[in-house]
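Each residue of the sequence shown is one higher than the last, beginning at 1 in full-length UniProt numbering.
Cβ atoms here follow ideal geometry from the backbone N, Cα and C, with glycine treated the same way.
Okay, so here's the structure we're looking at.
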Amino acid sequence: MNWAHDVTTIRERCMLSFIDSISDKPEWTRKVHDEEIVSKWRQETKELDWAGVVQGGDFSDEMFAYCIEELRYKADMYEKTGVMPVFDASSCVLKSDVAIPLDLKEALRKAAAPLENVPEPQKDWHPGSNGTVLDLVHPSLFPLVYGRSRILPDSTITVNNSLSNIGKDGKTDDSGPITRTQGHNHPAFTPLWSHRFQWLPCNISFPDGQNARIDSYINNLHPQDHKDLYRVIERIVTKAVPFWNVVYQSVHNHGMLATSLRINCDEVSYKFPDGYNEQEPEGFDENESPIDKKLQVIVKLANVHLTPEKPDYEGGAWHIESQLNEHIVATALYYYDNDNVTDSRLHFRTKVEANHFTDDIEYEQSDDIGFRTIWGIDNDGQGEQVLGSVLTREDRLIAFPNGFQHRLGNFKLVDPTKPGHRKILALFLVAPTIPIISTANIPPQQRDWWVREVKLNESRVGQLPAELVDMIAEAVEDFPIGLDDAKAIREELMAERGRMNEAIEFEMFKDERFSFCEH
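What follows is the structure, given as structure tokens:
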């Protein structure tokens, strides 16, 4: 939460918006090299009301020429890599309409279908969504619950042995997370750090150095019933890794996080004992990424369903994924199926360095006219800036750092007489340098999974009539966890995260305000 973006000028935000909009056009990589088409774009920029795009905005010929030059460079890069960085003044958002091939998209649709095609009473409509958001796989259900979830300290749980480990008597850890810092020696604000819950990632490795392999089960995705979906998600993670690499490097090597991670110390000394031979420090390459070695990823699958009775999705609230003890550093969203819904955009904003922004700028006390004209900021204004928004169309993969707040914009049915939907796969990357408790440590917690295994095994309980096994399962109070209990836990987790996002609004911006007083 200590990360902050550079303050960007109004004109720069206009240019970033222009680059994003051009790169949404069909065949833009070819058109950007066509002078006749570029000439038409130039005329369109002159006629556009830029103040409606960015408050106070305008667009000069020089800005246009610079953007076309940058677009031509990025077009060549996109043709080679399929990666398009946008809003990259400091860190960046990445988008691609070609990263996931058609056969993989169709495989995802097919593999996810059994989760969708269940009896109505079994459908898990997200709380507070008015029956429009259908959770297929959601990390808030059956999370790690400190003091209740069972950890197997002497075992590593894999995809293959996860079901056989259900119900084993493991240790409970009621101490909560070990560390409570948010970087740069700042203690974590309590509302941002959960002492009750943690989303559970799966562990992922790359045995051949390139292709992802899911090593521990995905929370809430049965490893036997949905083997095909596991394989599909592995392939999509493989496609997402280059995007995460760019996001990770942009933040850690070029953004302000790289500076904030440095420990400030006035003086430190140490006297070596006699006979000590000082060793040469191990070499370190700041450009080497820990991504694509071993990862932890939290998986979510969700659909937004609209109907003639519920034709509108109002959009989401500004938020950052996860609480601090989950250490999520980046997100990848794949929009794989849009039907009969209008366009929607994913909006981004970020904390900016406001307190020291004016240190090296000459100005008259309290004179904020120039700042408002150039940067669009006011005296005593909050230290935040809206970066822009990205179109969330079908086939698009979007990746961004978790330092960016984001929210999904509203959309509605195109034909209000027919149903429509938007289907999303979300992959949340845990900081590669900070592993957390995962499904490799905790067996599946679902009571119904456990009951299935008990009925299948050859133990004394498994040999009882199914009705008696069900009665025994009902008598189990604490663990494994029943679905109704899990949903109650989810409500508590969601309430805690709601308070967290309120705390972010307060803690991130209360001390970061622009001040144009005498300096």
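When C-alpha distances from S389 are compared across C92, S205 and V414, the shortest belongs to C92.
In the DSSP annotation of this structure, the continuous segment of the alpha helix (DSSP H) that includes K46 starts and ends at E35 to E47. In the DSSP assignment, N338 falls within the unbroken beta strand (DSSP E) covering I328 to D339. Taking a C-beta distance under 7 Å as the contact criterion, I151 and N441 qualify as a contact pair. Here G383 is buried. Its C-beta has 16 or more other C-beta atoms within 10 Å.
With contacts defined as CB atoms closer than 7 Å, A75 and T45 fail to qualify as a contacting pair.
DSSP places P85 in the strand class (E or B) of the three-state scheme. Proximity to F142 across I481, D208 and D343 peaks at I481, based on C-alpha coordinates. By the criterion of a C-beta distance shorter than 6 Å, S17 is surrounded in its chain by V53 and G388, once the five residues flanking it on both sides are discounted. Look at the beta carbons and you see the stretch 69 to 83 not touching the stretch 193 to 209: under three pairs across the two are nearer than 8 Å.
Boundaries of the alpha helix (DSSP H) around K227: K227 to Q249. Distance check between P416 and each of P308, E492 and E35 places P308 closest, using alpha-carbon atoms only. Going by DSSP, R349 is part of the beta strand (DSSP E) stretching over R345 to K351. Counting along the chain, P401 sits inside the beta strand (DSSP E) bounded by residues R396 to P401. With contacts defined by Cβ atoms closer than 7 Å, A431 and L333 do not form a contacting pair. When C-beta atoms of the stretch 80 to 87 are compared with those of the stretch 231 to 247, three or more pairs fall below 8 Å, so the two segments count as touching. Taking a contact to require three or more Cβ pairs closer than 8 Å, the stretch 153 to 171 and the stretch 133 to 140 do not qualify as touching.
With a beta-carbon spacing of about 6 Å, F428 and E321 fall inside the 8 Å limit used to define contacts.
Put simply, the stretch 329 to 347 touches the stretch 409 to 423. At least three CB pairs are less than 8 Å apart. The three-state secondary structure of W125, taken from DSSP, is strand. In this structure I398 is in contact with K95, their Cβ atoms being roughly 5 Å apart against a cut-off of 8 Å. In the three-state DSSP reduction, I166 falls in the coil class, being neither helix nor strand. Cβ-Cβ distances below 6 Å link T8 to A89 in the same chain, with the five nearest sequence neighbours on each side left out; the list follows chain order.
When H421, R372 and R213 are compared, the shortest CA-CA separation from E394 is found for H421. As DSSP reads the structure, C202 sits in a beta bridge with V297. The beta-bridge partner set that DSSP reports for V430 consists of I328. For G170, same chain residues with a beta-carbon under 8 Å away, outside a window of 5 residues either side, are R150, I151, L152, P153, I442 and P443 in chain order. For G370, there is no enclosing beta strand (DSSP E); the residue is part of the alpha helix (DSSP H) that begins and ends at I369 to I374. Our two residues, E12 and V329, have alpha carbons roughly 26 Å apart in a direct line. Of the other Cβ atoms in all chains shown, fewer than 16 fall within 10 Å of the Cβ of T373; this residue is therefore exposed. Judged by beta-carbon spacing, I298 lies beyond the 7 Å limit of W449, meaning their Cβ atoms are not closer than that value.
Taking the CA atoms as reference points, P114 sits about 18 Å from R452.
Assignment of Y146 by DSSP, reduced to helix, strand and coil, places it in the coil class. Remark: C-beta atoms of L408 and L346 approach each other more closely than 7 Å.
Its Cα nearest to that of F87, the residue C14 stands out among C14, F411 and R109. Pairing V352 with Q405 gives a Cβ-Cβ distance that is not under 7 Å.
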